[in-house]
Amino acid sequence: MKGPLFYSKILLFGEYGIIKDSKGLSIPYNFFKGALKKDGNASPEALKSNGYLKDFVVYLEGIVDQEPELVAFDFENLRGDVVSGMYFDSSIPQGYGVGSSGALVAAIYDKYALDKITVLENLTREKLLRLKAIFGKMESFFHGKSSGLDPLNSYLSLPILINSKDNIESTSIPSQNKEGKGAVFLLDSGATGETAPMVQLFMEKMKQEGFRQMLKNQFIKHTDACVEDFISGNVKSLFGNLKQLSHVVLDNFKPMIPVKFHQLWQQGIETNDYYLKLCGSGGGGYILGFTQDIEKARDVLRDYKLEVVYNF
7 MKGPLFYSKI
17 LLFGEYGIIK
27 DSKGLSIPYN
37 FFKGALKKDG
47 NASPEALKSN
57 GYLKDFVVYL
67 EGIVDQEPEL
77 VAFDFENLRG
87 DVVSGMYFDS
97 SIPQGYGVGS
107 SGALVAAIYD
117 KYALDKITVL
127 ENLTREKLLR
137 LKAIFGKMES
147 FFHGKSSGLD
157 PLNSYLSLPI
167 LINSKDNIES
177 TSIPSQNKEG
187 KGAVFLLDSG
197 ATGETAPMVQ
207 LFMEKMKQEG
217 FRQMLKNQFI
227 KHTDACVEDF
237 ISGNVKSLFG
247 NLKQLSHVVL
257 DNFKPMIPVK
267 FHQLWQQGIE
277 TNDYYLKLCG
287 SGGGGYILGF
297 TQDIEKARDV
307 LRDYKLEVVY
317 NF
């Protein structure tokens, strides 16, 4: 058995903000991928993944018991495949903010969901929201609470525009300019980040009036502007808003930024060589970078592992 491939994702804009109804933009990232396999592999990774799947099946049975109208699975085949050693073979790094659990959720839904919504049908807003609700419930097994966006992105393999919690649509983004000097890149922090504690920290901060005001008046304002600029291809305005957003994140989300990157973050804002922002919940994993001159950014950041994901 060689299942279809499911890809990682990058939330370009909207981390934390989408919890409070900011806009968001998520794109598939085909560099990392995963597939369900059943080939007798007895490596420690395959056995560990198979163990996770056993627990996941029990969790999914609980969901179906509680909300039978939400989703149904072919549990007979799913259990049988897991018992015979099925695992998720994935190159997607865990704890890096690129959707490792999302790809697994998408793969399980694709293979075992009954009456599933497929990519080929007319994806109305209702269908997208239903998929997002199903995926959110499924992925909560890994994160405690999930928006369902990562699996949705992985399942559809399309850019997703989040207008608000109840308003999402698949969208198109400007074609890449492979000759362009501008780029979006990933910077490897060299450590994994855990989503749940970071989100918990954010929720604690949300209890402060000042933080809530900053989120609404600065963070969400600049995030929404960045999403609109990116989709419309307005690069000049985008970098103006990115600089503001990078500044707001450095000032207000310091605990989510690995300490050794605080200075690097500041340096980007001061020199305008690049701007950094969180990739996912932060705390480790990847940091997202934007630059108008990738060669210059490569030179300045030569001590770090840098991976280009999109060219302007």
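So this note's numbering is basically just the index in the sequence shown, starting at one, shifted up by 6.
Heads up, the beta-carbon is just placed ideally off N, CA and C, and yes, glycines get one too.
According to DSSP, simplified to helix, strand and coil, what is residue i?
i, result
"Leu-126", "coil"
"Ala-189", "strand"
"Lys-29", "coil"
"Leu-251", "helix"
"Ile-168", "strand"
"Ser-97", "coil"
"Ile-263", "coil"
"Tyr-310", "coil"
"Val-63", "helix"
"Gly-246", "helix"
"Ile-275", "helix"
"Tyr-13", "strand"
"Lys-39", "strand"
"Lys-184", "coil"
"Pro-34", "strand"
"Gly-295", "strand"
"Ile-174", "strand"
"Tyr-280", "coil"
"Asp-121", "coil"
"Phe-225", "helix"
"Asp-319", "A query on residue 319 cannot be resolved here, the shown segment of the chain reaching from 7 to 318 and no further."
"Asn-258", "helix"
"Leu-53", "helix"
"Phe-147", "helix"
"Leu-162", "helix"
"Leu-137", "helix"
"Phe-81", "helix"
"Phe-208", "helix"
"Tyr-22", "coil"
"Tyr-102", "coil"
Check whether the Cβ atoms of residue i and residue j lie closer than 7 Å to each other.
i, j, result
"Ala-78", "Phe-12", "no"
"Pro-165", "Ile-33", "yes"
"Val-88", "Val-64", "no"
"Tyr-281", "Leu-248", "yes"
"Ile-98", "Phe-37", "no"
"Leu-294", "Pro-261", "no"
"Asp-80", "Leu-137", "no"
"Ser-287", "Met-204", "yes"
"Asn-317", "Lys-117", "no"
"Gly-188", "Gln-298", "yes"
"Asn-159", "Met-220", "no"
Taking 8 Å as the limit between beta carbons, can you name the residues of its chain near residue i, skipping five residues before and five after?
i, result
"Leu-167", "Lys-29, Gly-30, Leu-31, Ile-174, Glu-175, Ser-176, Thr-177, Val-233, Ile-237"
"Thr-229", "Phe-19, Gly-20, Gly-23, Ser-28, Lys-29, Gly-30, Leu-251"
"Ala-41", "Lys-8, Gly-9, Pro-10, Leu-11, Phe-12, Phe-94, Asp-95, Ser-96, Ala-113"
"Ala-139", "Leu-76, Gly-154"
"Lys-222", "Lys-26"
"Lys-122", "Tyr-115, Asp-116"
Nearest to residue i by CA position, among the options, is which residue?
i, options, result
"Gly-103", "Lys-302, Gly-291, Asp-172", "Gly-291"
"Ile-1", "Gly-288, Val-255, Ile-98", "No answer is possible for residue 1: it lies beyond the span of the chain, which begins at 7 and ends at 318."
"Leu-192", "Leu-244, Arg-304, Ile-123", "Arg-304"
"Asn-278", "Gly-246, Phe-267, Asp-61", "Gly-246"
"Ser-163", "Asn-317, Met-220, Asn-183, Ser-14", "Ser-14"
"Asn-83", "Lys-302, Tyr-115, Tyr-58, Ser-55", "Tyr-115"
"Lys-266", "Leu-53, Glu-301, Tyr-310", "Tyr-310"
"Gly-186", "Glu-301, Glu-132, Asp-61, Lys-222", "Glu-301"
"Leu-66", "Ala-202, Gln-214, Arg-85, Glu-313", "Arg-85"
"Thr-130", "Leu-284, Ser-49, Asp-172, Gly-154", "Asp-172"
"Lys-60", "Met-92, Asn-47, Ser-49", "Met-92"
Which same chain residues, not among the five before or five after residue i, have their C-beta less than 7 Å away from its C-beta?
i, result
"Leu-126", "none"
"Leu-244", "Cys-232, Asp-235, Phe-236"
"Val-315", "Ile-16, Tyr-35, Val-190, Phe-191, Leu-192"
"Glu-200", "Gly-101, Gly-289"
"Ser-90", "Lys-44"
Between which residues of its own chain and residue i is the CB-CB distance below 6 Å, once the five residues before and five after are set aside?
i, result
"Pro-157", "Gly-108, Val-111, Ala-112, Phe-141, Glu-145"
"Ser-170", "Asp-27"
"Phe-296", "Val-190, Leu-248, Tyr-281"
"His-253", "Ile-275"
"Lys-211", "Phe-217"
"Tyr-161", "Ala-112"
"Trp-271", "Leu-256, Leu-282"
"Ala-52", "Tyr-93"
"Ser-55", "Tyr-93, Phe-94"
CB of residue i to nearest heavy atom of the ligand HEM: below 6 Å?
i, result
"Asn-128", "Absence of the ligand HEM from the depicted structure is noted, as is the absence of any ligand whatsoever, leaving it without description."
Would the stretch 133-147 count as touching the stretch 95-114 if we require 3 or more Cβ pairs under 8 Å? Flag = yes, the stretch 133-147 and the stretch 95-114 touch.
Quick check: the stretch 234-241 against the stretch 165-184, are at least 3 beta-carbon pairs closer than 8 Å? Enough Cβ pairs lie closer than 8 Å, so yes.
Please determine if the stretch 63-79 and the stretch 194-203 are in contact, where contact requires at least 3 C-beta pairs separated by less than 8 Å. They do not touch, by the three-pair rule.
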